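Undergrad: If you're matching them up, the sequences are chains A and B in order.
With numbering that gives the first Met the number 0 applied, the first sequence corresponds to residues 0 to 208, in that order.
With numbering that gives the first Met the number 0 applied, the second sequence corresponds to residues 0 to 208, in that order.
There are 2 protein chains.
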Amino acid sequence: MTYRLPSLNTLRAFEAAARHLSFKTAASELGVTAGAVSQQVKKLENSLGVALFRRLPHGLLLTREGETYLPSITKVFEDLTDATEAIAPRINSKKFRVGICSQVKAMLPENWPNHSENLRNHVRDWVETRDVEKLRTDEIDCLIRPGGGPYAELALVIIPGTGSAEAWHFVCKPGLADCSQSKAILQDLMRIRSEDPGSVHAVRLSPGN
Amino acid sequence: MTYRLPSLNTLRAFEAAARHLSFKTAASELGVTAGAVSQQVKKLENSLGVALFRRLPHGLLLTREGETYLPSITKVFEDLTDATEAIAPRINSKKFRVGICSQVKAMLPENWPNHSENLRNHVRDWVETRDVEKLRTDEIDCLIRPGGGPYAELALVIIPGTGSAEAWHFVCKPGLADCSQSKAILQDLMRIRSEDPGSVHAVRLSPGN
DNA sequence: CCGGAGACTTAGAATTACTAAGTCTGCAGC
DNA sequence: GCTGCAGACTTAGTAATTCTAAGTCTCCGG
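Written out as structure tokens, the structure reads:
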């Protein structure tokens with residue numbers, strides 16, 4: 000029962016690239032650079048010993064093997080998604096209800112979170128609050144506010160301010176800290192806080208800080 | 000079409016641990032330490048927000064969610080294996096025919112490669128040869144011999160000797176260098192060459208050296 | 001003959017996974 | 001009741017992988 004499998008990372012890269020027939024577009028879907036996708040796909044092709052794409056100067060074509068492989072891989076990802084949602088529905092399919100302190104809300108774009116398609120996919124709505132208790136009662140899934148805490152039993156990610164601006168705290172249940180919804184929201188907050196995005200990094204702390 | 004997926008590494012750890020109901024046994028199947036499996040499973044549980052195991056002092060039990068998840072995950076791995084074998088049959092299902100130079104053979108255990116279950120799973124048989132040409136004619140899948148080369152168009156992994164012992168060369172087609180068969184064989188050779196395994200590392204070179 | 005788009009390559013940085021060593025808990029044998 | 005053992009857990013440090021950034025190449029269109 001020892002499976003010999005290519006790594007999921009390389010398969011995701013392949014699947015996205017094959018759907019778009021473009022490393023660049025795939026990269027933006029996956030939130031990485033085109034070089035990363037290129038490397039992952041090459042790694043997959045090496046491990047299989049089979050070329051999946053024909054590289055053209057302006058895009059990609061699937062080889063016969065790639066053409067055969069794509070639908071199977073897509074189905075595997077769908078099955079995996081279904082299986083995962085069956086046991087952890089909230090995490091995987093539900094959009095977040097976001098609590099935002101008014102002070103922070105004032106610094107977000109007018110139409111947040113509807114300014115970005117990606118964010119709309121991850122956020123159901125938001126309520127103005129700074130009450131951590133609403134996390135425990137499940138009224139909200141995450142909370143964004145200026146400092147505070149400690150947040151025993153909750154996960155905290157600190158979003159530093161640029162210059163003298165105050166840091167923000169992103170708080171949620173520990174199981175939600177690494178899910179895609181949290182990541183999308185954090186990424187957007189980071190972007191908003193810094194037009195020099197290279198210089199600011201969120202600081203992630205363990206639960207209970 | 001953006002899937003939200005747990006990482007394959009964590010799923011493999013879960014699947015093996017769930018089948019064996021033991022991190023330790025799973026670890027030995029996967030060729031890592033029990034701590035690594037424990038960490039991976041915990042990471043998966045965190046990302047799902049659901050406990051998959053109940054930890055007992057002397058073993059594991061699946062939770063209801065784990066019980067539900069296991070068969071789906073097993074099936075996903077099987078489907079993935081099938082899909083992969085359909086486009087790259089040789090790499091994924093066939094056992095290797097190994098070429099070994101007599102000089103090296105003399106330094107292997109009497110019953111190599113039948114001394115280890117893992118190795119038996121990856122090696123069909125071996126022939127005494129040092130002829131690189133047999134790789135190109137597909138009579139063998141990999142070749143183990145003392146130095147030599149260059150091996151244009153072939154992949155080479157160098158297995159250093161301890162002390163003054165001569166290094167060995169593991170040569171195969173580029174597409175085969177990273178497959179599980181090669182890995183299993185290399186791992187075993189490394190182990191044989193050093194009872195102080197921490198001090199020796201195979202050196203992997205690009206094709207064409 | 002340029003300029004742009006997209007794929008490729010590479011070094012180095014960032015992230016992730018693994019090991020090693022030590023802790024804790026309960027069972028089995030004395 | 002001790003003592004030894006087995007297996008899971010934790011943590012710090014290391015190893016391996018993945019990603020980015022920056023630069024290259026090739027072809028197409030103007």
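Note that beta-carbon positions come from the ideal geometry of N, C-alpha and C, so glycine has one too.
Remember, predicted model here, so these are calculated numbers, not experimental data.
(1) In chain order, what residues of the same chain have a beta carbon less than 8 Å from the beta carbon of Thr9 of chain B, not counting five sequence neighbours either side?
(2) Buried or exposed for Thr32 of chain A, please, with buried defined as at least 16 other CB atoms from any protein chain shown within 10 angstroms of its CB.
(3) Closer than 8 Å, CB to CB, is Glu64 of chain B near chain A or not?
(4) Could you check which residue in B:Ile143, B:Thr62, B:Asn110 and B:Ile99 has the C-alpha nearest to that of Ala87 of chain A?
(5) 8 Å is my cut-off, CB to CB: does Thr83 of chain B come that close to chain A?
(6) Strictly below 7 Å CB to CB, what residues from chain A border His5 of chain B?
(7) Roughly how many angstroms separate the alpha carbons of Val131 of chain B and Arg123 of chain B, rounded to a whole number?
(8) Any heavy atom of the ligand GDP inside 7 Å of the beta-carbon of Arg11 of chain B?
(9) Can Ala82 of chain A and Val75 of chain B be called in contact, C-beta distance under 8 Å?
(10) Can you find at least 3 beta carbon pairs, one from the segment 17-36 of chain A and one from the segment 48-62 of chain B, that sit closer than 8 Å?
(11) According to DSSP, simplified to helix, strand and coil, what is Ala154 of chain B?
(12) Just checking my contact of Ile191 of chain A with Leu107 of chain A at CB under 8 Å: how many whole Å lie between their CB atoms?
(13) Alpha carbon to alpha carbon, how far is Val97 of chain A from His114 of chain A? Give it in angstroms, no decimals.
(14) So, is the C-beta of Ala250 of chain A closer than 8 Å to a C-beta in chain B?
(15) If I follow the unbroken beta strand (DSSP E) through Leu61 of chain A, where does it start and stop?
(16) Report the neighbours of Ile72 of chain A on chain B: residues whose CB is nearer than 7 Å to its CB, in chain order.
(17) Going by other Cβ atoms of all chains shown within 10 Å of its Cβ, with 16 needed for buried, is Thr136 of chain B buried or exposed?
(18) Under a Cβ-count criterion, where at least 16 other Cβ atoms within 10 Å of its own Cβ denotes burial, should Pro112 of chain B be classed as buried or exposed?
(19) Just the C-alpha distance for Pro5 of chain B and Ala15 of chain A, rounded to the nearest angstrom, thanks.
(20) In chain order, what residues of the same chain have a beta carbon less than 6 Å from the beta carbon of Ile184 of chain A, not counting five sequence neighbours either side?
(21) If the criterion is Cβ atoms closer than 8 Å, does the pair Lys104 of chain B and His121 of chain B meet it?
(22) Using only the alpha-carbon positions, how far apart do Thr67 of chain B and Thr80 of chain A sit?
(23) If distances are taken between C-alpha atoms only, which option among A:Ala85, A:Cys141 and A:Glu64 comes closest to Gly65 of chain B?
(24) I'd like the list of long-range same chain contacts for Asp187 of chain A, defined as Cβ closer than 6 Å, with 5 residues on each side in sequence excluded.
(25) Rounding to the nearest angstrom, what Cα-Cα distance links Val36 of chain B and Ala26 of chain B in this structure?
(26) Please work out which residues of its chain come closer than 8 Å, Cβ to Cβ, to Ala166 of chain B, disregarding the five sequence neighbours upstream and downstream, and give them in chain order.
(27) Classify Ile86 of chain B as helix, strand or coil using the three-state DSSP reduction.
(28) If contacts are defined as beta-carbon pairs under 8 Å, then Phe169 of chain A and Ile143 of chain A qualify, I think. What distance do you get, rounded to the angstrom?
(29) With 8 Å as the threshold, decide whether the Cβ of Lys78 of chain A is near any Cβ in chain B.
(30) Any beta carbon of chain A sitting closer than 8 Å to that of Glu150 of chain B?
(31) For Leu4 of chain B, which three-state DSSP category applies?
(32) Put Ile143 of chain A into one of helix, strand or coil per three-state DSSP.
(33) Is the beta carbon of Cys141 of chain A closer than 8 Å to that of Cys100 of chain A?
(34) Per DSSP, which one or two residues make a beta bridge with His168 of chain A?
(35) Tell me whether Ser205 of chain B is buried or exposed, calling it buried when 16 or more other Cβ atoms sit within 10 Å of its Cβ.
(36) What's the C-alpha gap between Leu175 of chain A and Leu155 of chain B?
TA: Looking at the atomic coordinates:
(1) On the second sequence, position 10 is the one that residue 9 of chain B refers to. So the list reads Gln39, Val40, Lys42, Leu43 and Ser46, once near-sequence residues are dropped.
(2) Here residue 32 of chain A is taken as the residue at index 33 of the first sequence, counted from 1. The residue in question, Thr32 of chain A, is exposed, as its Cβ has fewer than 16 Cβ neighbours within 10 Å.
(3) As a first step, residue 64 of chain B must be located in the second sequence, where it is residue number 65. Yes, Glu64 of chain B counts as interfacial toward chain A.
(4) Position 88 of the first sequence, counted from the first residue, corresponds to residue 87 of chain A. Nearest of B:Ile143, B:Thr62, B:Asn110 and B:Ile99 to Ala87 of chain A, Cα basis: B:Thr62.
(5) On the second sequence, residue 83 of chain B is found 84 positions in, with the first residue counted as 1. Chain A, which has a Cβ nearer than 8 Å to the Cβ of Thr83 of chain B, makes this yes.
(6) As a working mapping, residue 5 of chain B is identified with position 6 in the second sequence. Here residue 5 of chain B turns out to be Pro, not His, going by the sequence shown. Thr83, listed in chain order.
(7) Here residue 131 of chain B corresponds to residue number 132 of the second sequence, with the count starting at 1. Here residue 123 of chain B corresponds to residue number 124 of the second sequence, with the count starting at 1. Taking the straight line from one Cα to the other gives about 19 Å.
(8) As presented, the structure is devoid of all ligands, the ligand GDP included, so that no description of it is given.
(9) The residue labelled residue 82 of chain A in the question sits at position 83 within the first sequence. The residue labelled residue 75 of chain B in the question sits at position 76 within the second sequence. Cβ distance < 8 Å, so Ala82 of chain A and Val75 of chain B count as in contact.
(10) no
(11) Along the second sequence, one-based indexing puts residue 154 of chain B at 155. Strand, per DSSP.
(12) In the first sequence, residue 191 of chain A corresponds to position 192, counting from 1. In the first sequence, residue 107 of chain A corresponds to position 108, counting from 1. Yes, they are in contact, since the Cβ atoms of Ile191 of chain A and Leu107 of chain A sit about 6 Å apart, within 8 Å.
(13) Start at 1 with the first residue of the first sequence, and residue 114 of chain A comes out as number 115. Start at 1 with the first residue of the first sequence, and residue 97 of chain A comes out as number 98. Rounded to the nearest angstrom, the two C-alpha atoms are 15 Å apart.
(14) Here chain A comprises residues numbered 0 to 208, so residue 250 of chain A is not present and cannot be evaluated.
(15) The residue labelled residue 61 of chain A in the question sits at position 62 within the first sequence. That run of the beta strand (DSSP E) goes Gly58 to Leu61.
(16) Within the first sequence, residue 72 of chain A is the residue found at index 73, counting from 1. By Cβ distance, chain B contributes Ala82.
(17) Along the second sequence, read from residue 1 onward, the residue named residue 136 of chain B stands at position 137. Classification of Thr136 of chain B: exposed, given that the 10 Å Cβ count is below 16.
(18) Residue numbering aside, residue 112 of chain B sits at position 113 when the second sequence is read from its first letter. Pro112 of chain B should be labelled buried.
(19) What you label residue 5 of chain B is simply residue 6 of the second sequence in a count that begins at 1. What you label residue 15 of chain A is simply residue 16 of the first sequence in a count that begins at 1. Each residue's alpha carbon lies about 16 Å from the other.
(20) Sequence index remark: in the first sequence, residue 184 of chain A carries index 185 (1-based). So the list is empty, once near-sequence residues are dropped.
(21) Taking the first residue of the second sequence as position 1, residue 104 of chain B is located at position 105. Taking the first residue of the second sequence as position 1, residue 121 of chain B is located at position 122. No, Cβ-Cβ distance for Lys104 of chain B and His121 of chain B is not below 8 Å.
(22) Taking the second sequence and counting its residues from 1, the one referred to as residue 67 of chain B is at position 68. Taking the first sequence and counting its residues from 1, the one referred to as residue 80 of chain A is at position 81. Approximately 14 Å, taken between the alpha carbons.
(23) Sequence index remark: in the second sequence, residue 65 of chain B carries index 66 (1-based). Among A:Ala85, A:Cys141 and A:Glu64, the Cα nearest to that of Gly65 of chain B belongs to A:Ala85.
(24) Locating residue 187 of chain A in the first sequence gives position 188, where the first residue counts as 1. Leu118, listed in sequence order.
(25) As a position in the second sequence, residue 36 of chain B is number 37, starting the count at 1. As a position in the second sequence, residue 26 of chain B is number 27, starting the count at 1. So the two alpha carbons sit approximately 6 Å from each other.
(26) Here residue 166 of chain B corresponds to residue number 167 of the second sequence, with the count starting at 1. For Ala166 of chain B, where only same-chain residues beyond five positions count, the Cβ hits under 8 Å are Pro145, Gly146, Ile157, Ile158, Pro159 and Gly160.
(27) Residue numbering aside, residue 86 of chain B sits at position 87 when the second sequence is read from its first letter. Residue state, collapsed to three classes: helix.
(28) On the first sequence, position 170 is the one that residue 169 of chain A refers to. On the first sequence, position 144 is the one that residue 143 of chain A refers to. Contact flag correct, Cβ pair sits at about 6 Å.
(29) Start at 1 with the first residue of the first sequence, and residue 78 of chain A comes out as number 79. Here residue 78 of chain A is Asp; the residue named in the question, Lys, does not match the sequence. With 8 Å as the cut-off, Asp78 of chain A counts as an interface residue toward chain B.
(30) Mapped onto the second sequence, residue 150 of chain B falls at position 151. One detail in the question is off: residue 150 of chain B reads as Tyr in this sequence, not Glu. For Tyr150 of chain B, the answer is no, since every Cβ of chain A falls outside 8 Å of its Cβ.
(31) To locate residue 4 of chain B, count along the second sequence from 1; it is residue 5. Reduced to three states, the DSSP call for Leu4 of chain B is coil.
(32) Here residue 143 of chain A refers to the residue found at position 144 of the first sequence. Residue state, collapsed to three classes: strand.
(33) Along the first sequence, one-based indexing puts residue 100 of chain A at 101. Along the first sequence, one-based indexing puts residue 141 of chain A at 142. Against a cut-off of 8 Å, the Cβ pair of Cys141 of chain A and Cys100 of chain A comes out as no contact.
(34) As a working note, residue 168 of chain A is residue 169 in the first sequence. Answer is A:Arg144 and A:Ile157.
(35) Indexing the second sequence from 1 puts residue 205 of chain B at position 206. With a pLDDT of 42 at Ser205 of chain B, under the threshold of 50, the predicted position of this residue should be treated as unreliable, though the coordinate-derived value follows. Exposed.
(36) As a working mapping, residue 175 of chain A is identified with position 176 in the first sequence. As a working mapping, residue 155 of chain B is identified with position 156 in the second sequence. Those two C-alpha atoms are separated by around 44 Å.
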